[in-house]
Each structure stands twice: as C-alpha cells, then as structure tokens.
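Novice: My structure is below; once you've seen it, I'll send some questions.
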Amino acid sequence: MADLECDLAIIGGGLAGGLIALAFAERRPGTRILLIEQADHVGGNHIWSFFDGDVDARDRWLVDPLVSSRWSQGHEVRFPGYRRQLDTPYNSIASPRFDAHVRAALGERLLTGAQVATIGRQFLVLEDGRRICAPAMIDARGAGDLSALRCGWQKFVGQTLRLAQPHGIERPVIMDATVEQIDGYRFVYLLPRDARTIFVEDTYYSDGPALDAAGIAERIAAYAQAQGWQVEELIHSESGVLPVVHGGDFDSYWPADDPVARAGVKAGLFQPMTGYSLPDAVRFATWLVEQPLKGLPAATRTYAAAHWKKGLYYRLLGRMLFGAAVPDQRWRIFARFYRLRPGLIQRFYAGRSTIADRIRILCGRPPVRIRDAMHALLNPPA
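The opening position of the sequence shown corresponds to residue 1 in full-length UniProt numbering, with each subsequent residue numbered one higher.
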C-alpha cells in the first residue's frame, strides 16, 4: 500500500488526542495532522465535566464548542448532616458531540478503525500494513505502565436514565455521600439533563482497581428507587477506573530515552488527587499548538516532568487518604474539605492550589489521626 504522509501523527483519539487535533485544526491549519484511532469513533464512551474555573478564559475557544450541557446555577454536595450549594457554573462534554466535532474539523485527517502495530522514529505502521511517514508523533493512548506508580483508584459506573416523572434535581450534585459507604469512599454523582432525564454515577475511591459493574448497576437502581424515581429507559451506560496517584517514579513511568512524545494520562497529565484530566488536557493542547514540532519528545517530557513536580502536594494528600483514613470514614475528609472557601475548592480541582490554600487544607481539626497521617507520609507502600 502507498505510504501516507503528515507533519504530525496523533496516536489515540481520546480526550487528549482529540483536543490536540482540534487545536491544530483551528490555530495551525497549514500543519498536516493525522489523528489515528483504533475504534470506529473518537472520544470513547464518556461524559467529561469541568467547572468554569478549570479552564482559563483564553482557552475556552477550544472547549466551548464541545459543551453539550451547562449549568449556570452552580452545583451542590451532600454529606451526612451537611449540604452545600456552590455558585461555580458546571459544564459537561458528551462523547457523541466530541466525536461529531472532531469529524467535522478534521475530515480526511481522521483515521478510525486503525490499530497501530509499530512505531519508528519517523514513521508508524498500522496493522493493515499501511505505513505513515511523520517527522513528529505524539502518543495519547491512555495510561502507560502504571506499575511505576503507587495508586489508589477512582472507579465508577454511570447511567443516563429516562424517568416516568420529573426527578426534581435542579443542578449537578457533585457528591452525594449520604449513601452507604462500600469499598472505600463512595458517593453518587448526578447530572440533570432535562426534567425527566438524569445521569447517575456511582463512584468509589478504593484501594484496588477491580470494578464490579453489575453490582454497582444494582446499587444505582436501588438509589433511583430510594429517590422515588421510576425508570422508563436506560439511555446510556459507561464505566471507568482512574488512577489516583500518590507516589512513584516519573523517570520510570516515562524513561528519558523514550523517542516518542506523549500526551494525556500516558504523560501523567492529570490531577493526582482526583484523577481528572480535562483541565490538563486543555492546557497541554493549547501549549502544544504553539510549539515547534522538531524536538517534540524532549519538549513534552519536560512539560510533563514539571507537572509531576507540581503535583507533589496532591500526591501527599492522596497518600494520607489511602494510607491514614479508615476506608468507610474517608468521606469525612471530603466533608471537611467542602466547608472551606469556594475559591480554594475551585483552585484545588483545577490543580492550582496556592501556598495559602495548601496550608488551610491541612490546618484545623484533622479528619484522620495525626499518628496515622504521619505514618502514611513517612512509610509509603511499596
């Protein structure tokens, strides 16, 4: 088969790869890009969400066309004996809209159903034998070898439900932790799509990555029944397991001699404490589109190494969460956190906590015993 040629090959059409492709299509249309995805569509099967403060105003051009739902009235959280409403608007991107937008922007520069077999220094070969010549490549195919990292896990099953009657939820509920605590810190996440349609996600901060999808689906059904909701239709279902990184070695995760540039989770570009990657994916894509393509592996690794260094504080918090807090009492850490100032909470989720924020988070009456916290910090798991 004849070779294909491009200036930049983006391997992986998930959130990170898709955003990079969209950034180049918009800001550097003269660059010949090729987005390569093994599935028959891009974006997988996901709903990504973000607070307004997660994305800088100067970068909203990249994500605003992708937003499928927006709640300008803010959001709320629920804990035993405590509820709070916060004013920060909230946004969601559904993968079908993401897929449609990427297809419209890229046209023939998108290859779906294309599995990469071999990656060379300036070329890659697909399983069907096609060879793609590219002086610059970036690998955005999900997580790398997580054995180099110490992780807890955020895992979930989410369902979009169509109800017989209005659900009565006016704004997103980021955490409803009034549910039974199972397998670590458990909460339910709610996104009202319209008066009778709601996305319900059952989420766990757990010590292990095993996901009992069938059991969690039963708990979602029980939660809906407890709310008095009669489900008419299951419209959409998704699941996932995200690493909550609290230690490890960056140089082992991304060796310095790796000749291929990386993006997204494969580059370690996510908030270590939450596992969420959208704010970092946006920042990285808008940074990358301004960089020269020559020397991309070294440049992206330097960027990711700086991000890893800045994430030390969040990894320490994660180590205390998983190493010092009794699993069914972990909710107390989040309940205390959500009593702090809204600006502090917003900067935390965006991964931009100030020095004052970091001190404030650790001050006051701790939700875990000091002895246990110090033991977790000084004796990280192998």
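Glycine is no exception: its CB is placed at the ideal position from the N, C-alpha and C atoms.
Please read these numbers as outputs of a predicted model, since none were measured by experiment.
1) For residue 386, which beta-bridge partners are listed by DSSP?
2) Could you tell me which of Val-63, Gln-159 and Glu-170 sits nearest to Ser-72, measuring between CA atoms?
3) Throw me the rounded Cβ distance for the residue 426 and Phe-79 pair, which I believe falls under 8 angstroms.
4) Among all the DSSP beta bridges, which residues are the ones paired with Met-175?
5) I'd like to know whether the C-beta of Arg-186 is nearer than 8 angstroms to at least one C-beta of chain D.
6) Please classify Gln-85: is it buried, with 16 or more other beta-carbons within 10 angstroms of its beta-carbon, or exposed?
7) Going by the beta-carbon positions, is the gap between Asp-328 and Gln-122 smaller than 8 angstroms?
8) Out of curiosity, what's the CA-to-CA distance linking Leu-293 and Cys-363?
9) Skipping 5 residues on each side, what residues in its chain have a beta carbon closer than 8 angstroms to that of Tyr-223?
10) With Pro-342 as the anchor, note down where its alpha helix (DSSP H) starts and where it stops.
11) What did DSSP end up calling Tyr-243 once you bin it into helix, strand or coil?
12) I'd like the span of the alpha helix (DSSP H) that includes Glu-218, first residue to last.
13) So does the region 244-259 actually touch the region 271-278, counting three or more Cβ pairs closer than 8 angstroms?
14) Beta-carbon separation of Ala-25 and Ala-263 under 8 angstroms?
15) Between Arg-358, Gln-346 and Ala-356, which lies nearest to Asp-52 when the distance is taken from Cα to Cα?
16) Return the CA-CA distance between Leu-296 and Ile-138, expressed in angstroms with no decimal places.
17) What number of angstroms, rounded off, separates the C-alpha of Gly-343 from the C-alpha of Pro-135?
18) Taking the DSSP output, what are the residues bridged to Lys-309?
19) When you compare the CB positions of Ala-304 and Leu-269, do they come within less than 8 angstroms of one another, or not?
20) Around the C-beta of Ala-356, are 16 or more other C-beta atoms found within 10 angstroms, so that it is buried, or is it exposed?
21) Would Leu-163 and Glu-232 qualify as a contact pair, given that the criterion is a beta-carbon distance under 8 angstroms?
22) State the beta-bridge partners of Val-102 as determined by DSSP.
23) Can you tell me which of the three DSSP states Asp-54 falls into?
24) If you follow the alpha helix (DSSP H) that Thr-286 is part of, which residue opens it and which one closes it?
25) Using alpha carbons as the reference points, say which of Leu-34, Val-77, Leu-35 and Cys-6 lies closest to Arg-340.
26) Three or more beta-carbon pairs under 8 angstroms between the region 96-111 and the region 31-51, yes or no?
27) Does DSSP put Lys-266 in a helix, a strand or coil?
28) By a C-beta neighbour count over all protein chains shown, 10 Å radius and 16 as the cutoff for buried, is Arg-369 buried or exposed?
Specialist: Let me lay it out:
1) Outside the modelled stretch of the chain, which goes from 1 to 382, sits residue 386, for which no answer is possible.
2) The shortest Cα separation from Ser-72 among Val-63, Gln-159 and Glu-170 belongs to Glu-170.
3) Residue 426 lies beyond the stretch modelled for the chain, which goes from 1 to 382, so this question has no answer here.
4) Bridge partners of Met-175: Val-77.
5) Absent from the structure: chain D. Only one protein chain is present.
6) So Gln-85 ends up on the exposed side.
7) For Asp-328 and Gln-122, no; Cβs fall outside 8 angstroms.
8) One C-alpha to the other measures close to 45 angstroms.
9) Once the five neighbours on either side are set aside, the close Cβ partners of Tyr-223 are Val-179, Val-188, Val-200 and Asp-202.
10) That run of the alpha helix (DSSP H) goes 342-349.
11) Note that residue 243 corresponds to Pro in the displayed sequence, not to Tyr. Strand.
12) Per DSSP, Glu-218 is one residue of the alpha helix (DSSP H) stretching across 213-226.
13) They touch, by the three-pair rule.
14) No, the pair does not count as a contact, with Cβ atoms beyond the cut-off.
15) Comparing C-alpha distances from Asp-52 to each of Arg-358, Gln-346 and Ala-356 shows the shortest one belongs to Gln-346.
16) Rounded to whole angstroms, the separation of the alpha carbons of Ile-138 and Leu-296 is 8 angstroms.
17) Rounded to the nearest angstrom, the two C-alpha atoms are 43 angstroms apart.
18) BP columns for Lys-309 are empty, so no partner.
19) For Ala-304 and Leu-269, yes; Cβs fall inside 8 angstroms.
20) Ala-356 is exposed by the Cβ-count criterion.
21) Closer than 8 angstroms, so yes.
22) Bridge partners of Val-102 according to DSSP: none are assigned.
23) Residue state, collapsed to three classes: helix.
24) Where Thr-286 is concerned, the enclosing alpha helix (DSSP H) stretches over 278-288.
25) Residue 340 is actually Leu in this sequence, not Arg. The residue with the shortest Cα to Cα distance from Leu-340 is Val-77.
26) Enough Cβ pairs lie closer than 8 angstroms, so yes.
27) Three-state result, Lys-266: helix.
28) Low per-residue confidence applies at Arg-369: pLDDT is 48, beneath 50, and the placement is therefore not dependable enough to give any value.
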